[in-house]
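If you count the sequence shown from 1, position 52 lands on 52 in UniProt numbering, and the numbers rise without skipping.
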Amino acid sequence: MTDGTEAGPRASDPGVETIAGELLDQALAERRALVQLCLYALDRARSSGVVERLEEGLAGIGVTALRPDGERFDPSVHEAGGTVPTDDASLDGLVAETEVVGFADRGRTLRAPVVTVYTTR
Numbered sequence: 001m002t003d004g005t006e007a008g009p010r011a012s013d014p015g016v017e018t019i020a021g022e023l024l025d026q027a028l029a030e031r032r033a034l035v036q037l038c039l040y041a042l043d044r045a046r047s048s049g050v051v052e053r054l055e056e057g058l059a060g061i062g063v064t065a066l067r068p069d070g071e072r073f074d075p076s077v078h079e080a081g082g083t084v085p086t087d088d089a090s091l092d093g094l095v096a097e098t099e100v101v102g103f104a105d106r107g108r109t110l111r112a113p114v115v116t117v118y119t120t121r
C-alpha cells in the first residue's frame, strides 16, 4: 500500500541520464545551427547596426569576431586574401586589413579571417 506519493525519476536512473544526454546533444546541435545562421546573416547584412547587434549577441554566448588588423600574418590562423605593397619595412608581414571577419567559438576557430597583408616593395 502506498500513501499516494510516489518518488519521481532520479538523476541516477539510467533512463534519466540517457534523456539528459540526448537533450544536451540536441541543444548543442541547435546552438551550432543558430551560430551558423547568424554568420550567414552577418555576411549578408547591409546595416552596420545589424552587424553590430549580431556580433554583440554572438559574443554574449562566447562567439567572438576576429579582426587581426595590425597583427603579424600567421597562415595557420589567417587566410591571405591579397597583399598591399609598402615602403615601410616595419609593416612587412603585418595584416593591413581584414577583408572578411573571422569567428571563434570559445577559442575554437569557426572561420579564419581573410586578410590583406603588407609586403615590402
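Every residue, glycine too, gets a C-beta built ideally from N, C-alpha and C.
Small disclaimer: the values here were computed from a predicted structure and weren't measured.
Within 10 angstroms of its Cβ, does residue 85 collect 16 or more other Cβ (buried), or is it exposed?
Within the sequence shown, numbered from 1, the residue matching residue 85 stands at position 85. Residue 85 comes out exposed.
Evaluate contact between the stretch 99-117 and the stretch 63-81, counting only Cβ atoms and requiring at least three cross-stretch pairs below 8 Å.
Segments in contact, yes.
For residue 120 and residue 112, what's the separation of their Cα atoms in angstroms?
Mapped onto the sequence shown, residue 120 falls at position 120. Mapped onto the sequence shown, residue 112 falls at position 112. Cα to Cα, residue 120 sits roughly 24 Å from residue 112.
If we count the other Cβ atoms within 10 Å of its Cβ and call it buried at 16 or more, is residue 75 buried or exposed?
Start at 1 with the first residue of the sequence shown, and residue 75 comes out as number 75. Answer is exposed; the Cβ neighbour count stays below 16.
Straight-line CA distance for residue 32 to residue 67?
Here residue 32 is taken as the residue at index 32 of the sequence shown, counted from 1. Here residue 67 is taken as the residue at index 67 of the sequence shown, counted from 1. If you take the alpha carbons of residue 32 and residue 67, they lie about 21 Å apart.
Less than 8 Å between the CB atoms is what I'm expecting for residue 103 and residue 65, so what's the real figure, rounded?
Within the sequence shown, numbered from 1, the residue matching residue 103 stands at position 103. Within the sequence shown, numbered from 1, the residue matching residue 65 stands at position 65. Rounded, the Cβ-Cβ distance is 6 Å, consistent with contact.
CB residue 28 to CB residue 42, shorter than 7 Å?
To locate residue 28, count along the sequence shown from 1; it is residue 28. To locate residue 42, count along the sequence shown from 1; it is residue 42. The answer is no: Cβ separation not under 7 Å.
Drop a sphere of 10 angstroms on the beta-carbon of residue 109, count the other beta-carbons inside from all chains shown, and report buried for 16 or more, exposed for fewer.
In the sequence shown, residue 109 corresponds to position 109, counting from 1. Exposed, because fewer than 16 other Cβ atoms sit within 10 Å of the Cβ of residue 109.
Per DSSP, residue 80 forms a beta bridge with which residues?
The residue labelled residue 80 in the question sits at position 80 within the sequence shown. 115.
Would residue 58 be called buried (16 or more neighbouring beta carbons within 10 Å of its own) or exposed?
Taking the first residue of the sequence shown as 1, we reach residue 58 at position 58. Classification of residue 58: buried, given that the 10 Å Cβ count is 16 or more.
Less than 7 Å between the beta carbons of residue 95 and residue 73, yes or no?
The residue you call residue 95 lines up with position 95 of the sequence shown. The residue you call residue 73 lines up with position 73 of the sequence shown. Closer than 7 Å, so yes.
For residue 62, I'd like the list of residues in its chain whose CB is within less than 8 Å of its CB, leaving aside the five on either flank, ordered along the chain.
Taking the sequence shown and counting its residues from 1, one reaches residue 62 at position 62. Taken in chain order, the residues that qualify are 105 and 106.
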